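The opening residue of the sequence shown carries number 1 in the UniProt record's numbering; numbering runs sequentially from there.
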Amino acid sequence: MNCAAHEASGFDRELGGLLRVYRLGAGFRLDDLAELLGISEAQLTDIEEGRTGITARFLSEFAHLTGIPPCKIWEQLDNRLAFVDTEEFDCESVCRDLLASNRGRQVIRAMATCQHPEVLDAVFRLLIANAAHIVPNERELMRLRG
Numbered sequence: 001m002n003c004a005a006h007e008a009s010g011f012d013r014e015l016g017g018l019l020r021v022y023r024l025g026a027g028f029r030l031d032d033l034a035e036l037l038g039i040s041e042a043q044l045t046d047i048e049e050g051r052t053g054i055t056a057r058f059l060s061e062f063a064h065l066t067g068i069p070p071c072k073i074w075e076q077l078d079n080r081l082a083f084v085d086t087e088e089f090d091c092e093s094v095c096r097d098l099l100a101s102n103r104g105r106q107v108i109r110a111m112a113t114c115q116h117p118e119v120l121d122a123v124f125r126l127l128i129a130n131a132a133h134i135v136p137n138e139r140e141l142m143r144l145r146g
């Protein structure tokens with residue numbers, strides 16, 4: 001795999017995830033914000049999931065509509081990228097494990113409605129730093145269920 005492509009993909013995923021947090025924090029549904037931005041829901045989904053990069057114009061329009069200054073978006077993205085090493089941390093695995101428990105689902109629901117990106121970033125950093133202690137691995141889940 002090309003290292004530059006890998007880094008760009010991780011960058012787009014982190015940026016897209018951050019934009020999703022800001023969209024939800026601003027109270028926008030996917031379809032409503034997509035319409036205001038002049039793009040389809042599928043395009044906005046691709047951006048939020050990191051499958052499509054963004055332009056400066058898109059970021060400017062997004063920032064204007066959500067009331068988040070572009071410099072704040074870049075600052076938060078920089079913070080996220082400083083804490084994420086895709087080689088050492090498997091976010092998908094942690095989310096899957098969280099969804100396997102009632103308590104985990106409660107945490108995810110609470111995070112989805114949180115309107116404070118700085119709180120979400122703090123939770124995200126704690127999850128990364130303590131993933132092995134917060135979320136049991138699959139073997140531990142099987143033992144607990146069995």
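Yeah, the Cβ is synthetic: ideal placement off N, Cα and C, and Gly gets one too.
Values in this document were obtained by computation on a predicted structure and should not be read as measured data.
Please report the Cβ distance between residue i and residue j, rounded to the nearest whole angstrom; I am assuming they are in contact, meaning their Cβ atoms lie under 8 Å.
i	j	result
I54	L24	Between L24 and I54 the Cβ distance is about 17 Å, and since that is not below 8 Å, they are no contact.
L36	L65	6 Å
For residue i, name the three-state secondary structure that DSSP assigns.
i	result
C114	coil
R51	coil
F28	coil
G38	coil
G67	coil
T86	Model confidence at T86 stands at a pLDDT of 47, short of 50, so the residue's coordinates are unreliable and nothing is read from them.
G16	helix
Give every residue of the same chain whose Cβ lies closer than 7 Å to the Cβ of residue i, excluding the five residues on either side of it in the sequence, and list them in chain order.
i	result
T86	Low local confidence applies: a pLDDT of 47 at T86 is under 50, so the model's placement there is unreliable, and no value is given.
If the criterion is Cβ atoms closer than 8 Å, does the pair residue i and residue j meet it?
i	j	result
L59	E41	no
G50	R105	no
E48	G67	no
Q76	D46	no
Taking 8 Å as the limit between beta carbons, can you name the residues of its chain near residue i, skipping five residues before and five after?
i	result
A34	S40, E41, Q43 and L44
Once the 5 residues before and after residue i are set aside, which same chain residues still bring their CB inside 6 Å of it?
i	result
P70	L59 and A63
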